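Below: the structure, in structure tokens.
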Amino acid sequence: MWQAPPAPVSREWLPVLDMPASGPQNRWTVLLRVLLLIPQFVVVWVLTVVAFLVTVIGWFGALVLGRLPGFVADYLTSFVPYDTRVTAYLMLTVDRYPPFRFHAPDHPVQVGLRPGELNRLAVLFRIVLVIPAAIVQGLVYAGWWTVSFLLWLVVLVLGRMPQPLYEATTAILRYRMRYIAYLVMLSSAYPKRLFGDEPGSEPEGPASATRPLVLSGAGRGLLVAYLLLGLVSWATSSITASVNSGNDNDGTTGPTQHVIAPLAPGPADQARDSHRRGEDTRQS
Numbered sequence: 132m133w134q135a136p137p138a139p140v141s142r143e144w145l146p147v148l149d150m151p152a153s154g155p156q157n158r159w160t161v162l163l164r165v166l167l168l169i170p171q172f173v174v175v176w177v178l179t180v181v182a183f184l185v186t187v188i189g190w191f192g193a194l195v196l197g198r199l200p201g202f203v204a205d206y207l208t209s210f211v212p213y214d215t216r217v218t219a220y221l222m223l224t225v226d227r228y229p230p231f232r233f234h235a236p237d238h239p240v241q242v243g244l245r246p247g248e249l250n251r252l253a254v255l256f257r258i259v260l261v262i263p264a265a266i267v268q269g270l271v272y273a274g275w276w277t278v279s280f281l282l283w284l285v286v287l288v289l290g291r292m293p294q295p296l297y298e299a300t301t302a303i304l305r306y307r308m309r310y311i312a313y314l315v316m317l318s319s320a321y322p323k324r325l326f327g328d329e330p331g332s333e334p335e336g337p338a339s340a341t342r343p344l345v346l347s348g349a350g351r352g353l354l355v356a357y358l359l360l361g362l363v364s365w366a367t368s369s370i371t372a373s374v375n376s377g378n379d380n381d382g383t384t385g386p387t388q389h390v391i392a393p394l395a396p397g398p399a400d401q402a403r404d405s406h407r408r409g410e411d412t413r414q415s
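Okay, so the sequence shown: first residue is 132 according to the numbering used here, each after it adds one.
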């Protein structure tokens, strides 16, 4: 009996990150990585401020048009790769300094984005829908930075990033890029696949070391460790903030406040001393 062929399965397209495999790095550039990136930090800060303003305009435009206006899409599809290249260099995954230009086809870090039609309801509630992805991205990113000094020492000593560490770091980098792309409405696909892709998931074969991004057991274990470290870091900072807030509300002075208290009395100290002298005079 004749049967109709199965309907083709539609695949959700996710923003892609293409990077080369982990290779040797110049120890001097590793040693001075943060200092070398200071000019880029200034540029990225300015570009981020502009991106925020452009995204706000794009949000209103997407509600009306069902897609980002052309100039918004053009700017954001240039900003996200620029930010990703700087972050990849900062996180020690590549040794090639990011250029000071939007279009860099010769750079080893490449980002693929396809802005298109958007669901207006998803655009309207985008800031709410993105909260779970923001939490995951924030925890794993904070976890990586908690042990970043140790990771920096490993790369500095070995002159390269070990494969499991490279896998986990590029997974964080890719998830962060997808989170930003979804937040600024360059993609309608929700950020996913933090723990990598399945082998053979690229129908046309591997395109780069990170497409598909297949993680080993050690790489997945590092990601779990980063998530736990990020959670511990968040919990510790929350408890510390609560304790400091409680001390401020009770009018008590913590040890830190004693240390940083000014040596010379300020206006508040003078007013308090005058009030105390007035009470002593009334009691006598």
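Backbone N, C-alpha and C fix where the C-beta goes; we use that ideal spot for every residue, glycine too. Fair warning: this is a prediction, and the values are worked out from it, not measured in the lab.
Checklist entry - CB-CB under 6 angstroms to L314, same chain, minus the five flanking residues each way: which ones, in chain order? => result V261
Checklist entry - Around the Cβ of Q294, are there at least 16 other Cβ atoms within 10 angstroms (buried) or fewer (exposed)? => result exposed
Checklist entry - Between the segment 235-247 and the segment 275-282, do at least 3 Cβ pairs fall closer than 8 angstroms? => result no
Next on the checklist: According to DSSP, is S339 part of a helix, a strand, or is it coil?
Outcome noted: strand
Next on the checklist: Using only the alpha-carbon positions, how far apart do D149 and A302 sit?
Outcome noted: 12 angstroms
Checklist entry - If W283 and L223 are in contact, beta carbons under 8 angstroms, what's the gap, nearest whole angstrom? => result 7 angstroms
Checklist entry - What's the gap between the Cα of P212 and the Cα of L168? => result 16 angstroms
Checklist entry - Which same chain residues, not among the five before or five after T186, have their C-beta less than 6 angstroms away from its C-beta? => result V315
Checklist entry - beta strand (DSSP E) containing L148: first to last residue? => result 147-149
Item to check | Under the three-state DSSP convention, the category G192 falls into | outcome: helix
Next on the checklist: Measuring only the C-alpha atoms, how far is G201 from V217?
Outcome noted: 25 angstroms
Next on the checklist: Please report the distance separating the alpha-carbon of L427 from that of P155.
Outcome noted: The structure shown has nothing for residue 427, since the chain only spans 132 to 415.
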